[in-house]
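Residue numbers (this note's numbering), protein chains in the order written: chain A, 1 to 223; chain B, 1 to 223. Glycine included, each C-beta is placed from N, C-alpha and C at the ideal position. The model shown is predicted, which means the values in this text are computed figures rather than measured ones. A short write-up of the structure that comes next.
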DNA sequence: CCGATATTTTGACGCTGTCAAGATAGTCTT
DNA sequence: AAGACTATCTTGACAGCGTCAAAATATCGG
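Structure representation (structure tokens):
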């Protein structure tokens, strides 16, 4: 039975449905997302998903878990392209977050909705925790702490980084920041966000190396 | 005809539907929001709303406009409780934003969704612009500019303030910030947010009055 | 090869948003 | 004041949705 291969009528329909749901979300958005649409996309009847997912929130939880995994992967990759523990690494991690929001806007909207998917899904919880661990560890490296969330002085740093980046992403997707002429998403992501990160972290925290030529924020090899 | 008074069968059903929709959103949330539910709540047939709103997004646009107006009113009121042009005013404006998010979470989720309502609604656009003008003017006062959005140096300040406050609100509603024991919304709003505002603005901008005893951030008379 | 089991389909239910047609009230003109 | 007009609301219908129960089908263990 356990042959998740070519077979369809008997194969790995559960995985196929998750993949279909991912496509459905990407193409139709959260509003146009439909359980029956996922079933059609997977080539099965409208009631087939019920045997693998108790309801639509269970399926969306799997899609959200994928989203969190992708977010973790992107922020991690961006962050690894700058020297560990530098403010440039914070800026790069932030750029990764914004890139995810820009490239997967519907996933972004989904994972931060919370009322649309089953929050008790274990894979989702693990993926969410892993995604949130990336900025936490970036702050930890920056401030030389192994566990920033247990340091009362560092918690506001973590929450601040996270809030700036997340709020910026949300407003960007809303179109609120690109309304002025000549402002593209790339300038927002590559210029304005690093500037804000620097303003938040470069002062009042470390007084050393105040002028490390913040203009170049490390634009490394692969994305 | 123009008697928006007691009458029902012939009266001001349009306003009654908007009021019903506001209640429906507050009680049922955006997921449970239903056009037919609004009609029931207003005591009319299920198709009555069609004569006043072309579709559900048109009705939600009116509710969103109300939401923006309330947001503007609250941030304005909070901001007016601190001396003009001070960092305390920025912190108070931020507290107003968070208070709105906390007291009207479903309205907050609606107005920053954008795909659920008709964005071309004039009253909505006006209310949205008015709401966004509050933090812009707060930054203007703080930095002594009449039109901050036309100053390339101040735009990141406005966007930064806005991003921090908005992102913090969103994460707070998601429950992501109150997961640790002993952390309530009040401590988030009254302590952590002012701390973040100070970190972002107190350095690198004005170097004067660095130690104004930031513990007391003006907790004035009413609200 | 056959019975047991897992998987999928068919059909139904109540709900939704939207539209068309009919009913009803108020207003206006003369 | 009476009749026509118009705005307003109701009724009824349609397709699509999520979910459930029952029937049908395929796979596997023996």
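> Using DSSP with H/G/I as helix, E/B as strand and the rest coil, what is residue 117/A?
Replying inline: The three-state secondary structure of residue 117/A, taken from DSSP, is coil.
> Given a limit of 8 Å on CB to CB distance, which residues of the segment 114–125 of chain A reach chain B?
Replying inline: For chain B, the residues of the segment 114–125 of chain A that bring a beta carbon within less than 8 Å of one of its beta carbons are 114, 115 and 116, in chain order.
> When the cut-off is 7 Å and only beta carbons count, does residue 156/B lie next to chain A?
Replying inline: For residue 156/B, a Cβ of chain A is located within less than 7 Å of the residue's own Cβ.
>> By the three-class DSSP mapping on this structure, what secondary structure does residue 202/A have?
In response: Looking at residue 202/A - three-state DSSP - the assignment turns out to be coil, as it is neither helix nor strand.
>> With three or more C-beta pairs closer than 8 Å as the rule, is the segment 185–201 of chain B touching the segment 95–102 of chain B?
In response: Taking one beta carbon from each stretch, the segment 95–102 of chain B and the segment 185–201 of chain B have 3 or more pairs nearer than 8 Å; the two touch.
> Relative to the C-alpha of residue 169/A, which residue among 160/B, 130/B and 81/B is closest?
Replying inline: Selected option, being the one with the closest Cα: 160/B.
> At least one CB of chain B closer than 7 Å to the CB of residue 31/A: is that the case?
Replying inline: For residue 31/A, the answer is yes, since a Cβ of chain B falls inside 7 Å of its Cβ.
> Secondary structure at residue 145/B, three-state DSSP: helix, strand or coil?
Replying inline: Here residue 145/B carries a coil assignment [DSSP, helix/strand/coil].
>> Please give me, in chain order, every unbroken run of the alpha helix (DSSP H) with length at least 4 that falls completely inside the segment 80–124 of chain A.
In response: Contiguous alpha helix (DSSP H) elements confined to the segment 80–124 of chain A occur at 87–103 and 105–111, taking only those with 4 or more residues.
> For residue 217/A, is the classification buried or exposed, using 16 other Cβ atoms within 10 angstroms of its Cβ as the cut-off for buried?
Replying inline: In this predicted model, residue 217/A has a pLDDT of only 46, less than 50, meaning its place in the structure is not dependable; the value taken from the coordinates is given anyway. Buried, because 16 or more other Cβ atoms sit within 10 Å of the Cβ of residue 217/A.
> What did DSSP end up calling residue 165/B once you bin it into helix, strand or coil?
Replying inline: In the three-state DSSP reduction, residue 165/B falls in the helix class (H, G or I).
> residue 13/B and residue 48/B look like a contact to me (Cβ under 8 Å); what is the Cβ gap, rounded to whole Å?
Replying inline: Taking a contact as a CB-CB distance under 8 Å, the pair residue 13/B and residue 48/B counts as one, their CB atoms being some 7 Å apart.
> What residue does the alpha helix (DSSP H) around residue 18/B start on, and which one ends it?
Replying inline: Unbroken alpha helix (DSSP H) run through residue 18/B: 13–28.
> How many whole angstroms separate the CB atoms of residue 269/A and residue 124/A, which I take to be in contact at a CB cut-off of 8 Å?
Replying inline: Since the displayed chain A opens at 1 and closes at 223, residue 269/A lies outside it and no answer follows.
> When the distance is taken between beta carbons, is residue 78/B closer than 7 Å to residue 96/B?
Replying inline: In terms of Cβ geometry, residue 96/B and residue 78/B form a close pair [threshold 7 Å].
> With a cut-off of 7 Å, does the C-beta of residue 98/A fall near any C-beta of chain B?
Replying inline: For residue 98/A, not one C-beta of chain B is nearer than 7 Å to its own C-beta.
> How close, in whole Å, do the beta carbons of residue 94/B and residue 197/B come, if the pair is a contact with beta carbons under 8 Å?
Replying inline: About 6 Å separates the CB atoms of residue 94/B and residue 197/B; that is less than 8 Å, so the two are in contact.
> In chain A, which residues lie with their C-beta within 9 Å of the C-beta of residue 166/B?
Replying inline: Those are 163, 166, 167, 168, 170 and 171, listed as they occur along chain A.
> With DSSP run on the structure shown, which of helix, strand or coil describes residue 42/A?
Replying inline: In the three-state scheme derived from DSSP, where H, G and I count as helix and E and B as strand, residue 42/A is classed as helix.
>> Spatial neighbours of residue 106/A within its chain, please: C-beta separation below 7 Å, excluding the five flanking residues on both sides.
In response: So the qualifying residues of the chain are 25, 26, 29 and 30.
> Taking 7 Å as the CB-CB limit, is residue 40/B close to chain A?
Replying inline: With a threshold of 7 Å between beta carbons, residue 40/B makes no contact with chain A.
>> For a test of the three-state rule: what should DSSP assign to residue 130/B, helix, strand or coil?
In response: DSSP places residue 130/B in the helix class (H, G or I) of the three-state scheme.
> When you compare only the Cα positions, how much space is there between residue 64/B and residue 15/B?
Replying inline: Computed Cα separation, rounded: 14 Å.
>> Going by DSSP in three states, residue 49/A sits in which element: helix, strand or coil?
In response: Residue state for residue 49/A is assigned as helix, using DSSP reduced to three classes.
> Taking the alpha carbon of residue 59/B as the point to measure from, which residue in 171/B, 89/B, 17/B and 87/B has its own alpha carbon closest?
Replying inline: Nearest C-alpha to residue 59/B: 17/B.
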